[in-house]
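Engineer:
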Amino acid sequence: MSPESSSSAPAGEVGAGFWAAGDEAAARLETMAAADHLVDELSEEQYQVNNQIQEDELLVLQAIYVDDMVIFDNMDGLRFFQISLHYQLQGDIRVYLNVCANGGAETEGRDDDEDDNEGLLYACTLQHLPPVTLTCLLPRSYPSTRAPYFVVTAKWLDEPEASRFCSVLDEIWAELPGEEVVYRWADWLSSSSWSCIASEDQLVLGPDAISHGGDERAVGRSVTLDSTIPRMRDYSEERSASMCAASVSVKMPVIAQYL
Numbered sequence: 001m002s003p004e005s006s007s008s009a010p011a012g013e014v015g016a017g018f019w020a021a022g023d024e025a026a027a028r029l030e031t032m033a034a035a036d037h038l039v040d041e042l043s044e045e046q047y048q049v050n051n052q053i054q055e056d057e058l059l060v061l062q063a064i065y066v067d068d069m070v071i072f073d074n075m076d077g078l079r080f081f082q083i084s085l086h087y088q089l090q091g092d093i094r095v096y097l098n099v100c101a102n103g104g105a106e107t108e109g110r111d112d113d114e115d116d117n118e119g120l121l122y123a124c125t126l127q128h129l130p131p132v133t134l135t136c137l138l139p140r141s142y143p144s145t146r147a148p149y150f151v152v153t154a155k156w157l158d159e160p161e162a163s164r165f166c167s168v169l170d171e172i173w174a175e176l177p178g179e180e181v182v183y184r185w186a187d188w189l190s191s192s193s194w195s196c197i198a199s200e201d202q203l204v205l206g207p208d209a210i211s212h213g214g215d216e217r218a219v220g221r222s223v224t225l226d227s228t229i230p231r232m233r234d235y236s237e238e239r240s241a242s243m244c245a246a247s248v249s250v251k252m253p254v255i256a257q258y259l
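Under full-length UniProt numbering, residues 1 to 259 are what the sequence shown spells out, in order.
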């Protein structure tokens with residue numbers, strides 16, 4: 001089932017494109033829901049309470065994430081949406097490749113600091129990283145007894161790291177059973193998860209390898225680093241240009257007042 005947006009997000013924004021992996025996330029969520037045979041013994045009144053809580057939660061999320069959130073048409077009557085989350089980098093991020101386990105990785109060249117990072121090859125420096133996307137399907141019993149079905153997509157990360165994100169989201173729900181949890185998930189992914197994958201200004205990507213036993217809720221890197229690095233660089237450049245254009249459009253009316 002391909003997600004169809006019920007919002008009017010322009011092409012190229014969240015919910016579409018290579019980094020969001022919308023179709024793959026939708027297919028995984030559909031499989032999860034179909035395979036879930038647990039029966040919730042809730043009253044119709046409780047279902048109605050859950051429905052109102054879900055509606056209110058989505059309104060709050062829309063107000064927070066605005067264009068970074070897309071609400072799709074319901075999937076089998078369940079609310080279905082995706083949030084694109086961006087790391088707020090304090091400066092440029094240097095990307096390295098860990099070639100210890102695979103000497104065949106190719107890079108654009110060596111950096112002057114390469115000797116300080118044994119086993120690492122410098123790949124590029126980026127101002128922006130591709131988003132981490134959180135795609136959710138809300139069961140009728142959420143939040144009273146069930147957590148949302150979810151998929152975390154980070155197509156530039158190694159799958160074990162994306163799987164680790166899923167484990168933390170499970171822990172957050174376990175600490176807050178019966179409460180709305182999507183914002184807490186999104187907030188952790190966009191801020192605290194950074195310390196799980198990188199240092200302050202350095203990101204290391206592992207060698208190309210087939211991953212076994214990963215979390216089905218995690219969508220990590222599925223193409224080679226030779227393909228991923230150029231995509232990451234293109235994304236960074238495009239986002240920088242987009243943010244610059246947006247800044248100019250905001251300033252122009254102010255400048256016009258003084259002309």
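Note that the Cβ used here is the ideal one computed from N, Cα and C, for glycine as well.
Which same chain residues end up closer than 8 Å to Gln62 when comparing Cβ atoms and leaving out the 5 residues on each side of it in sequence?
Structural biologist: Residue 62 sits at position 62 when you count from the first residue of the sequence shown. Met69, Ile71, listed in sequence order.
Engineer: From the DSSP output, which residues share a beta bridge with Cys100?
Structural biologist: Residue numbering aside, residue 100 sits at position 100 when the sequence shown is read from its first letter. Cys100 pairs with nothing; no bridge assigned.
Engineer: Provide the residue(s) that pair with Arg79 in DSSP beta bridges, ordered along the chain.
Structural biologist: Numbered from its first residue, the sequence shown carries residue 79 at position 79. Arg79 is bridged to Leu138.
Engineer: Give the single residue among Ser191, Ala123, Arg233 whose Cα lies nearest to the Cα of Ser84.
Structural biologist: As a first step, residue 84 is located in the sequence shown; it is residue number 84 there, counting from the start. Taking only the C-alpha atoms, the option nearest Ser84 is Ser191.
Engineer: Look at Cys124 and Val99 and say whether their C-beta atoms are less than 9 Å apart.
Structural biologist: Along the sequence shown, read from residue 1 onward, the residue named residue 124 stands at position 124. Along the sequence shown, read from residue 1 onward, the residue named residue 99 stands at position 99. No, the pair does not count as a contact, with Cβ atoms beyond the cut-off.
Engineer: Opposite Phe150 in the DSSP bridges: which residues?
Structural biologist: In the sequence shown, residue 150 corresponds to position 150, counting from 1. Per DSSP, Cys136.
Engineer: For a minimum of 3 consecutive residues, which ranges assigned as the beta strand (DSSP E) are wholly contained in the segment 12 to 87?
Structural biologist: Within the segment 12 to 87, the complete beta strand (DSSP E) runs of at least 3 residues are 69 to 75, 78 to 85.
Engineer: Any idea what DSSP makes of Val168, helix, strand or coil?
Structural biologist: Residue numbering aside, residue 168 sits at position 168 when the sequence shown is read from its first letter. Three-state DSSP puts Val168 in a helix.
Engineer: Give the straight-line distance between the Cα atoms of Ser6 and Asp73, rounded to the nearest whole angstrom.
Structural biologist: Along the sequence shown, read from residue 1 onward, the residue named residue 6 stands at position 6. Along the sequence shown, read from residue 1 onward, the residue named residue 73 stands at position 73. Residue confidence for Ser6 is low, a pLDDT of 49 falling below 50, so the modelled location carries little weight and cannot support an answer.
Engineer: Is DSSP giving Arg221 helix, strand or coil here?
Structural biologist: For this step, residue 221 is matched to residue 221 along the sequence shown. Three-state result, Arg221: coil.
Engineer: Is the separation between the beta-carbon of Pro139 and that of Ala154 shorter than 9 Å?
Structural biologist: What you label residue 139 is simply residue 139 of the sequence shown in a count that begins at 1. What you label residue 154 is simply residue 154 of the sequence shown in a count that begins at 1. Cβ distance not < 9 Å, so Pro139 and Ala154 don't count as in contact.
Engineer: Is Gly77 buried or exposed, if buried means 16 or more other CB atoms sit within 10 Å of its CB?
Structural biologist: Taking the sequence shown and counting its residues from 1, the one referred to as residue 77 is at position 77. Gly77 should be labelled exposed.
Engineer: Can you name, in chain order, every residue of its own chain whose Cβ lies under 8 Å from the Cβ of Leu58, other than the five neighbours on each side?
Structural biologist: Within the sequence shown, the letter at position 58 stands for residue 58. Cβ within range, chain order: Ile71, Arg79, Phe81.
Engineer: In the DSSP output, which residue or residues are listed as bridge partners for Leu120?
Structural biologist: Locating residue 120 in the sequence shown gives position 120, where the first residue counts as 1. Answer is Asn98, bridged to Leu120.
Engineer: Give the DSSP-derived three-state secondary structure of Thr145 in the structure shown.
Structural biologist: Here residue 145 corresponds to residue number 145 of the sequence shown, with the count starting at 1. DSSP places Thr145 in coil when its eight states are reduced to three.
Engineer: Grab me the residues of Thr135's own chain with a C-beta within less than 6 Å of its C-beta, minus the 5 sequence neighbours each way, in chain order.
Structural biologist: In the sequence shown, residue 135 corresponds to position 135, counting from 1. Cβ within range, chain order: Ala25, Gln82, Val151.
Engineer: With residue 260 and Trp194 assumed to form a contact (beta carbons below 8 Å), what rounded beta-carbon distance in angstroms separates them?
Structural biologist: What the structure shows of the chain is the stretch from 1 to 259, and residue 260 is not part of that stretch, so it cannot be assessed.
Engineer: Within a Cβ cutoff of 6 Å, which residues of the same chain sit near Ser167, ignoring the five residues on either side of it in sequence?
Structural biologist: Counted from its first residue, the sequence shown places residue 167 at position 167. Answer for Ser167: no residue qualifies.
Engineer: Quick check: the segment 158 to 167 against the segment 219 to 229, are at least 3 beta-carbon pairs closer than 8 Å?
Structural biologist: Enough Cβ pairs lie closer than 8 Å, so yes.
Engineer: Name the one or two DSSP bridge partners that Leu176 has.
Structural biologist: Translated into positions along the sequence shown, residue 176 becomes position 176. Its beta-bridge partners do not exist; DSSP assigns none.
Engineer: Would you identify the three-state DSSP class for Val204, choosing helix, strand or coil?
Structural biologist: Taking the sequence shown and counting its residues from 1, one reaches residue 204 at position 204. Strand.
Engineer: Given a cut-off of 9 Å, decide if Pro148 and Asn50 are closer than it, judged by their beta-carbon atoms.
Structural biologist: Along the sequence shown, one-based indexing puts residue 50 at 50. Along the sequence shown, one-based indexing puts residue 148 at 148. No, they are not a contact pair.
Engineer: Using the three-state DSSP reduction, which class does Leu126 fall into: helix, strand or coil?
Structural biologist: Reading the sequence shown from its first residue, position 126 is the one you call residue 126. Strand, per DSSP.
Engineer: For the alpha helix (DSSP H) containing Ala186, name the first residue and the last one.
Structural biologist: Here residue 186 is taken as the residue at index 186 of the sequence shown, counted from 1. Run containing Ala186: 182 to 187, per the alpha helix (DSSP H) assignment.
Engineer: Around the C-beta of Met232, are 16 or more other C-beta atoms found within 10 angstroms, so that it is buried, or is it exposed?
Structural biologist: The residue you call residue 232 lines up with position 232 of the sequence shown. Per the 10 Å Cβ criterion, buried.
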